[in-house]
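Protein sequences appear in the order of chains D and G. Take my numbering: the final residue in the first sequence is number 633, and no numbers are missing along the way. Take my numbering: the final residue in the second sequence is number 139, and no numbers are missing along the way. Just so you know, even glycine gets a beta-carbon here, dropped at the ideal spot from N, CA and C. Everything numeric in this text was worked out from a predicted model, so none of it was measured. First comes the structure, then the notes that go with it.
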Amino acid sequence: MALNRKIAYIDLGTGEVRIETIPAEWREKFLGGRGLDAYLLYTHAPEGCDPLGPDNVALISAGLLVGTLASASARTHIMAKSPLTNLLGSANMGGFFGPEMRWAGFDHLVIRGRAEHPVYLYIQNGEIEIRHAGYLWGAGVYDTQTLVRRELGDDEAQVLCIGPAGENLVRFATVMTGRKNAAGRTGMGAVLGSKNLKAVVCRGTMDLEIKHPKEALEYNKRIIDQVISTKVSQIMQRWGTSFIYGATNTTGLVRTRNFQYNQLRDSEDIECENLDKHTFGMDGCFGCQVHCRHRYVIKQGPFAGTYAQGPEYTSQGAFGTEVGCSSMNTILTGNHLVNDYGLDTLEIGSMIGWAMELYEKGILTDKETDGLKLEWGNDEAVLEMVRRIAFREGLGNVLAEGPLRAAEKFGPESLSYLIHVKGMSGLHSDERATPSLALNIAVASRGSDHLRGRPAIDLYNLPMKVLDKIYRNPDGYEGPLTNNYSEYEGKPRMVLWQEHNFMAVDCLGVCKYHTIFLSPNHPTFGEFEKMIYLNTGLEFSAMDLWNIADRCCTIERLFNLREGMTRKDDWLPDRYFDEPTKLGLPGVKGKCIDREKFTAMIDEYYRLRKWDKQGVPMKKMLKRLEIEDLWQR
Amino acid sequence: MHTGVSNPARARIHVIKWEDQGFYLPMSCRQCEDAACMTVCPKEAIYRDKAIERVMIDDDRCIGCKMCVSACPFGAMGFDDRSGRVFKCDLCGGAPQCVRFCDMGAVDYVETTRFQYQRMREAGENLSELMRKHTGHTA
């Protein structure tokens, strides 16, 4: 039964493995997945610990509904203190690993310590073995999975692993499964690398009981039909997230040449329609009918003939607009490299774009780049930098330390060109014309993030009654909402609502493209309530789920505050306020964020969250959420 | 569907994957006319249900010897270690759920007498362009 899955506490230093039941109380308070991981991180990672040290805990979890009859219930969550930001590290990936971990009997792994030599965990039907991974060390993500399956004689085993970037402690290394499923942001791969943990391999044949199987099956069909009937899903089924590029580039919402422009002209080659020349079909994750990524073979260059999956919209930014390149081949190659090395595509694109601007301004010269011409549009240089970062060569070794530590080396002037929040590089979108998206990245718990609170539907200028139906429920919010993406008013509520929505979905282990993210017509709290009941028997109302999400978001906040974050970290680089956009459609050109109005949005966001003026959750709020014992100051 | 649990070890259909090539093949019971499992069963526990053309197992007769598991050339016969009996695809009584849920149409349930023509037409598409030119059909 879904509720009888276990939690394992593993110490890689001593080799001790302790398996326990997950207390029912934890399910009631935190559900599972990312929410429960937040509580475990807070209570198990010592304050101020070194993220790459043995005391940091790596949490790996499958959400509450993973592997059940909930559509797209595929997702695995990784959490630890981040070596990139020294704050909350959290990342999510799809594929098939999560369900396998559940069939093997486990929902949560809490891994501390450090193995003396490279190891991997082998989890089979309730048992966990620590095995030698020396022969895997150095292998790319693709090969690691092939090699370990060969060693175990089992092609059905699912593998979570790091690539050379994680082994080399690149501070934004990823944890991967399959060909391209990346727990991408905040450097979780480096945490595993620091523990000498190369992989976690699962193979399970234990029953995962569905509480009301016939009803769950029928309800799942309804959810599937609802999701794939939306326009957004149909486009995703055909093109993947790369479809987002066309409209956003035309509008002027993509970071270009680091942050100099907000649109890339003459970039037809990287539009999604060109993927038809490269793709041989779509692919997807466990239990999902949206199958939103391409399978393709690289056609040109040194990696011609390589099979890879993707690319996501993020790669059109990382290997396209941010570095001034407009070649689909570069995007397809870059995407493959970051997947095989195990690197965050968002961080890499932003870091290389930043380095290019520094090179343009003379802050970095041929001396630092060892003669590599980091010029806008230099495809070879971009791909070579990816390799140098993964293997910490030359300038790559500095960039591998992440933006803030690299800025320390490059000097204070470099900071004025850097786009980051809380030490995590900005993503590929340019939020200067969209206050709600700007607020989202400033206050997100893991730094500059778009997957934990982005009110993407704000871009659609939907009718007010659609917004009312979504954003006023389930708690009956009565304050302002506006449906113009240029406005500041009402946006704090939208960001808060999305944060709760995404937290809930991350606790369940369901994919965000199955909820209100890109489409306003997808499942949310009301549907989660039914999915949970039919699959597990647990009874939560929509309001209960809202409160659980609130609790878990608050714990993430407490963790950050404990590790030294303050209100000033909920902010954006000066360029957002001082440099108006140069290109784009009339509503977007010449825009920047207004400091006063932005400050007012942050104030309003704190007020709605019941945090004080410094962004610290207030005592009575913590009491209401029953977590006052976590914050004794 | 059959057991009320999520567990690939109890599934009647599997997808075989060549992950390093991005090729996937769903595999399930072929409901053979001259089934190897039927031939090899020492207890005559496997029989053909002509009503919907499927090969079925009589759980009361099955002794769990697993000869049929060995004999099936498609690997379609499963063994349930809890019940001690073998299990296989039974077409969900005539409305296969796998077909219902596969949005891509990678698995389908069609009349065998029609299937040949469907495949032949698909193959004919490739030839038809050449043949049209050759025979002067330019419409």
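- With a threshold of 8 Å between beta carbons, M1 of chain G makes contact with chain D.
- Here K299 of chain D carries a coil assignment [DSSP, helix/strand/coil].
- Around R179 of chain D, the beta-carbon contacts reaching into chain G at under 9 Å are E19, D20 and G22.
- Taking all protein chains in view, the Cβ of E167 of chain D is crowded by 16 or more other Cβ atoms within 10 Å, so the residue is classified as buried.
- Taking a beta-carbon distance threshold of 8 Å, L217 of chain D counts as an interface residue toward chain G.
- Annotation: the continuous beta strand (DSSP E) that includes L121 of chain D extends over V119 to Q124.
- When DSSP states are grouped into helix, strand and coil, E127 of chain D belongs to the strand group.
- The CB of D207 of chain D comes closer than 8 Å to the CB of T3, V5, S6, N7 and R10 in chain G, given here in chain order.
- Contact check for H420 of chain D and T321 of chain D: beta-carbon distance about 18 Å, past the 8 Å limit, so the pair fails to qualify.
- Chain G places a beta carbon closer than 8 Å to that of L69 of chain D, counting this residue as a contact.
- As a beta-bridge residue in DSSP terms, N181 of chain D pairs with D:T177.
- Non-local C-beta neighbours of G64 of chain G in its own chain, meaning closer than 8 Å and more than five positions away in sequence, comprise F79, G84, R85 and V86, ordered along the chain.
- Neighbours of D103 of chain G in chain D, taken as residues at a C-beta separation under 9 Å, are given in chain order as I224, I228, Q237, Q289, V290 and H291.
- Taking all protein chains shown into account, P302 of chain D has fewer than 16 neighbouring C-beta atoms within 10 Å of its C-beta and is therefore exposed.
- Under the Cβ distance rule, D612 of chain D does not count among the residues neighbouring chain G, no pair being separated by less than 8 Å.
- For I22 of chain D, no chain G residue has a C-beta closer than 7 Å to its own C-beta; the minimum C-beta separation is roughly 18 Å.
- Judged by DSSP secondary structure, D107 of chain D falls within the beta strand (DSSP E) whose first and last residues are F106 to R112.
- The Cβ atoms of A71 of chain G and A106 of chain G do not sit closer than 8 Å to each other.
- Taking a Cβ-Cβ threshold of 8 Å, none of the residues of chain G is close to W497 of chain D; the smallest such distance is about 30 Å.
- By the criterion of at least three beta-carbon pairs nearer than 8 Å, the region 261-273 of chain D is in contact with the region 306-326 of chain D.
- For the options G:N7, G:E19 and G:M27, the alpha carbon positioned closest to that of M77 of chain G is the one of G:M27.
- Under the three-state reduction of DSSP, W137 of chain D is assigned to coil, being neither helix nor strand.
- Closest in C-alpha terms to H291 of chain D, from the list D:P213, D:T241, D:Q263 and D:N249, comes D:T241.
- Rounded to the nearest angstrom, the Cβ distance from A308 of chain D to L332 of chain D is 7 Å, consistent with a contact under 8 Å.
- Counting along the chain, Y359 of chain D sits inside the alpha helix (DSSP H) bounded by residues T345 to E360.
- Here D612 of chain D is not bridged, per DSSP, to any residue.
- In this structure, the alpha-carbon of H514 of chain D lies about 21 Å from that of C272 of chain D.
- Secondary structure note for Y576 of chain D: its alpha helix (DSSP H) is the uninterrupted segment R575 to D578.
- Beta-carbon to beta-carbon, L346 of chain D and R185 of chain D are separated by about 7 Å, close enough to satisfy the 8 Å threshold.
- If you draw a 10 Å sphere on the C-beta of P83 of chain D, you find 16 or more other C-beta atoms in it, and that means buried.
- Across the structure, N4 of chain D and T21 of chain D are spaced so that their CA atoms are roughly 7 Å apart.
- In the three-state reduction of the DSSP assignment, G166 of chain D falls in the helix class.
- Note: C161 of chain D is bridge-paired with D:M176 and D:A199 in the DSSP secondary-structure output.
- Against D283 of chain D, the close residues of chain G are G22, in the order they occur along the chain (beta-carbon pairs closer than 7 Å).
- Rounded to the nearest angstrom, the gap between the Cα atoms of F101 of chain G and T251 of chain D is 38 Å.
- The C-alpha of G362 of chain D lies about 19 Å from the C-alpha of N397 of chain D.
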